[in-house]
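Scroll down for the structure; my scribbles are underneath it.
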Amino acid sequence: MKPNSARVLVVEDERIVALNLQQRLRSLGYDVPTVASSGSEAIAQARSTSPDLVLMDIRIEGDIDGIETAMRINREKRVPVVYLTAHSEESTIERARQTRPYGYLLKPFSEREMHATIQMALARRGTEVELEQSEQRLRASEERFRQLAEAIREVFYLVDRDNKVLYVSPAYEEIWGRTCGSLYADSNSWRDCIHPEDKERVAQGVADRMRTGQFQEEFRIIRPDGVQRWISSRSFPIRDAQGQVYRMAGFAEDITSRVHLEHTLRDRERALARAQQMARLAHVITLPDGTFESWSDTLPALLGVEPGGMPASTREWLTWVHPDDRMLFRARSIAAGASLVRTDQEYRLRTRAGNWIDVLQVMEPMEKSRNPEERVRWFSTLQDVTEAKAAAAEVRRLNADLERRVIERTAELEAANRELEAYDSSVAHDLRAPARHIVAFGQILLSDCAGQLDERGLDHARRMVSASERLSQIVNDLFALSTMGRGELRRGEVDLSTMAHQVFNGLRKAEPGRDVEWSVTPDMIARADPGLLQSVLENLIGNAFKFTARRDDARIEVGRLQPSDGVPIYFVRDNGAGFDMARAEGLFEPFHRMHAQSEFEGTGLGLATVSRIVTRHGGRIWADSEPGMGTTFYFTLSPKSKPLLRG
82 MKPNSARVLV VEDERIVALN LQQRLRSLGY DVPTVASSGS EAIAQARSTS
132 PDLVLMDIRI EGDIDGIETA MRINREKRVP VVYLTAHSEE STIERARQTR
182 PYGYLLKPFS EREMHATIQM ALARRGTEVE LEQSEQRLRA SEERFRQLAE
232 AIREVFYLVD RDNKVLYVSP AYEEIWGRTC GSLYADSNSW RDCIHPEDKE
282 RVAQGVADRM RTGQFQEEFR IIRPDGVQRW ISSRSFPIRD AQGQVYRMAG
332 FAEDITSRVH LEHTLRDRER ALARAQQMAR LAHVITLPDG TFESWSDTLP
382 ALLGVEPGGM PASTREWLTW VHPDDRMLFR ARSIAAGASL VRTDQEYRLR
432 TRAGNWIDVL QVMEPMEKSR NPEERVRWFS TLQDVTEAKA AAAEVRRLNA
482 DLERRVIERT AELEAANREL EAYDSSVAHD LRAPARHIVA FGQILLSDCA
532 GQLDERGLDH ARRMVSASER LSQIVNDLFA LSTMGRGELR RGEVDLSTMA
582 HQVFNGLRKA EPGRDVEWSV TPDMIARADP GLLQSVLENL IGNAFKFTAR
632 RDDARIEVGR LQPSDGVPIY FVRDNGAGFD MARAEGLFEP FHRMHAQSEF
682 EGTGLGLATV SRIVTRHGGR IWADSEPGMG TTFYFTLSPK SKPLLRG
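Heads up: the sequence shown begins at 82 in my numbering, then just goes up one per residue.
Below, the structure written as structure tokens:
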């Protein structure tokens, strides 16, 4: 910093001395805008004038001395301080030393001493600033390098002449499955993972890389977790001013996916070659003038001739084509030559034995020319499709026959279903009437003849009525179950939330004494048959209502889940009796019950009916339950969606 550009703050409580210093410094070319006589004044002026250097008298007026003032100024901003004092006590000098001063002038001092001390202080501060800036640039550069090394998916490493690891990026831990710290502790530990068959080759490459300045190897490693990976490692030399290699930098990349892809590609190429051989595919390369340049060994076999008997050009080939197909074959070949686009054509070809075979030929240009007048070579593949065409014709015949038989069987099935419906309706009617009579006469017996029956007789009458009512319910449920798979499915938008509330309200009216907390997810819109969906909710919510009857804190929830496949999953959840999932096999089969009739009444047909309705919609139903904790029934109304189970 030039003297005439340096700003100096003078702190001196003797006014005459302060003004003398200001005048002398200005004569030397320094900028001294003001002087301060106390510590507080010096701190304020340091904030407002931002001096490049402070000449500080140690003993000044005010509550704090010059040393404390210097400390406070440097807490806010590092400014060089040169102390001025007539005192040289050891204790004073020790306190001043703790503030890291840039000079110490004992009064009296000459102008030359003052000037030299200021110049040295400014030079020292300039050097410190340059060093701080260099350190900041270095830290920024190191941070950019670290961010770059950590961002790349490859392992970046740096080693010295002795192969000691100086740096390795975090990708090492992901690829090798070992910590970077373990590699710093033992620079050769990365080799412990190398596959035994590759170790010697890699070790030799590492030994030679400082001498040759090159290292490029592909090898396998076995991670600590047993997983095998393929690695591609390459490095390059870093040379000193004399051109000598003193470090190596490199990258190691996980190429497992690429190697597996290459292996798969080779396997497919071998399989394709074998398939072509088995399919007796043939090919021929045609020159621009129509001459056959080469052909596969299978082409003469296709024609039934020896290689020497092969046609030599397209002109000769045309004589082997069926007369009815020649004109179209020639026209398509000429059009392909003009447009240079792939052409597929099927035609009949004569064999040496005189038979006609169906051939599929695919013609493709082997190179693209920018000059439309320049003719190119053609690559053609040929395949005998005679048997395939015959098989296709047979398949068409069989499909037509199958379609006719399906129509006949469908008509028969529809007639059988109509007969079955009539039979079901008749049986249900024949069973319902006697059951109603038994119930009615039993109730009459209990009401009109109760006085004539003893307790045992009354019990028999009650049991008769209860059994008859149960029989009637079973008949109704069986009829509903038998008809559930028939009839047209009429899908439409159904407000499942509103329907669930209606079912809840009906149950509450039937049993007003029950205290049940329920919740329904709003705005659940489903595409389903409204009548069938009503039956699903009545059965599932009715079961939940029934199996929570013994709980004071009964809760029932109807809601919806939205899995990743986009198919909504609806559920009915309760905190009722629950059941053991180990015994749930056959849960949706008719008459399957998880609880005894004496515990909870029911016919055992409700869940079978629900399952059949859900299946008709293309969905599925499943349950998750735990004894004493409650049950959740999940169901969908369209395909997909995997079951969700507790835990």
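Backbone N, C-alpha and C fix where the C-beta goes; we use that ideal spot for every residue, glycine too.
Best match in the options for proximity to residue i [C-alpha to C-alpha]
i: Arg-159; options: Ala-151, Phe-628 and Leu-688; result: Ala-151
i: Thr-337; options: Asp-273, Ala-363, Arg-304 and Glu-142; result: Arg-304
i: Val-422; options: Arg-458, Gln-583, Trp-401 and Arg-632; result: Arg-458
i: Val-584; options: Leu-614, Arg-571, Gly-573 and Glu-574; result: Leu-614
i: Lys-245; options: Gly-640, Ala-417, Arg-234 and Asp-267; result: Asp-267
i: His-196; options: Asn-586, Ala-474 and Gln-103; result: Gln-103
i: Ala-689; options: Val-617, Asp-646 and Gln-295; result: Val-617
i: Arg-608; options: Glu-157, Val-695, Trp-703 and Val-98; result: Val-695
i: Met-137; options: Val-98, Gln-426, Val-326 and Arg-282; result: Val-98
i: Gln-415; options: Val-162, Gly-390, Gly-389 and Glu-445; result: Reading off the sequence, residue 415 comes out as Ile, not Gln. Here the closest residue by C-alpha is Glu-445.
i: Leu-642; options: Gly-331, Val-653 and Ala-635; result: Val-653
i: Gln-179; options: Arg-486, Tyr-164 and Asp-405; result: Tyr-164
i: Glu-254; options: Arg-595, Ser-528, Asp-306 and Pro-182; result: Asp-306
i: Val-240; options: Gln-285, Tyr-651, Leu-264 and Arg-339; result: Leu-264
i: Phe-296; options: Gly-612, Met-329, Gln-323 and Phe-373; result: Met-329
i: Tyr-111; options: Gly-594, Val-135, Asn-586 and Met-359; result: Val-135
i: Arg-301; options: Gln-285, Ala-322 and Val-340; result: Val-340
i: Ala-591; options: Met-605, Pro-671 and Gly-623; result: Gly-623
i: Glu-142; options: Arg-107, Val-92 and Thr-130; result: Val-92
i: Gly-709; options: Gly-700, Asp-661 and Pro-720; result: Asp-661
i: Val-402; options: Thr-379, Gly-390, Ser-394 and Tyr-428; result: Tyr-428
i: Pro-369; options: Arg-88, Gly-286, Phe-460 and Gln-325; result: Phe-460
i: Glu-157; options: Ser-131, Glu-171 and Gln-524; result: Ser-131
i: Ala-635; options: Gly-594, Trp-398, Glu-216 and Gln-214; result: Gly-594
Extent of the continuous beta strand (DSSP E) run through residue i
i: Met-137; result: 134-138
i: Glu-387; result: No beta strand (DSSP E) contains Glu-387, which DSSP labels as neither H nor E.
i: Arg-315; result: 309-320
i: Tyr-185; result: 184-187
i: Ala-330; result: 326-335
i: Arg-636; result: 636-642
i: Ile-366; result: 363-367
i: Trp-401; result: Here Trp-401 belongs to no beta strand (DSSP E), and DSSP marks it neither H nor E.
Integer-rounded CB distance, given that residue j should sit under 8 angstroms from residue i
i: Ala-167; j: Leu-187; result: 7 angstroms
i: Leu-463; j: Leu-383; result: 7 angstroms
i: Val-648; j: Thr-713; result: Not a contact, Cβ separation roughly 18 angstroms.
i: Ser-129; j: Arg-96; result: Contact doesn't hold; Cβ gap of about 20 angstroms is too wide.
Close-in-space but distant-in-sequence residues of the same chain around residue i (CB under 7 angstroms, 5 per side omitted)
i: Met-82; result: Bear in mind that a pLDDT of 47 at Met-82, under 50, signals an unreliable position, so the number given afterwards is only what the model happens to contain. Cβ within range, chain order: Asp-133, Leu-203 and Gly-207.
i: Ser-377; result: Ala-363 and His-364
i: Ala-434; result: Gly-385
i: His-510; result: A caution first: His-510 carries a pLDDT of 48, below 50, which makes its placement in the model too unreliable to give a value.
i: Val-236; result: Val-249, Ser-250, Ala-252, Tyr-253, Ile-256, Phe-332 and Ala-333
Cβ shell of residue i (< 6 angstroms), same chain only, five flanking positions each side left out
i: Arg-571; result: Asp-610
i: Arg-727; result: Confidence in Arg-727 is poor, its pLDDT being 44 and thus under 50, which makes the residue's placement too unreliable to answer from.
i: Phe-626; result: Leu-588
i: Val-639; result: Ala-581, Val-601 and Val-653
i: Arg-310; result: Ile-302, Asp-335 and Thr-337
N- and C-terminal bounds of the alpha helix (DSSP H) containing residue i
i: His-582; result: 577-591
i: Asp-405; result: 404-420
i: Tyr-651; result: No alpha helix (DSSP H) holds Tyr-651; the beta strand (DSSP E) holding it covers 650-655.
i: Pro-611; result: 611-628
i: Met-291; result: 280-293
i: Arg-304; result: Per DSSP, Arg-304 belongs to no alpha helix (DSSP H) and is neither H nor E.
i: Ile-145; result: That residue, Ile-145, is in no alpha helix (DSSP H); it is neither H nor E in DSSP.
i: Arg-178; result: 171-178
i: Gly-711; result: Unbroken run through Gly-711 is the beta strand (DSSP E), 711-716; no alpha helix (DSSP H).
Other residues of its chain near residue i: CB distance less than 8 angstroms, five sequence neighbours each side excluded
i: Asp-192; result: Here residue 192 turns out to be Glu, not Asp, going by the sequence shown. Correct list, in chain order: Arg-105 and Leu-109.
i: Arg-153; result: Gly-120, Ile-124 and Ile-145
i: Asn-620; result: Gly-687, Leu-688, Thr-690 and Val-691
i: Arg-140; result: Asp-94, Asp-146, Gly-147, Thr-166 and His-168
i: Arg-205; result: Pro-161 and Tyr-183
i: Val-487; result: none
i: Gly-573; result: Arg-608, Ala-609, Asp-610 and Pro-611
i: Ser-375; result: Val-365 and Ile-366
Contact test: residue i Cβ vs the ligand MG heavy atom, cutoff 6 angstroms
i: Ala-87; result: The ligand MG is absent from the structure shown, which contains no ligand whatsoever.
(Q) Measuring CB atoms only, is the region 247-260 touching the region 277-289, in the sense that at least three cross pairs come out at less than 8 angstroms? (A) no
Q: Could you tell me whether the region 282-299 touches the region 315-328, where touching means 3 or more Cβ pairs closer than 8 angstroms?
A: yes
Q. Would you call the region 659-668 and the region 595-609 touching, i.e. three or more CB-CB distances under 8 angstroms?
A. no
Q. Does the pairing of the region 616-630 with the region 654-662 give three or more beta-carbon distances under 8 angstroms?
A. yes
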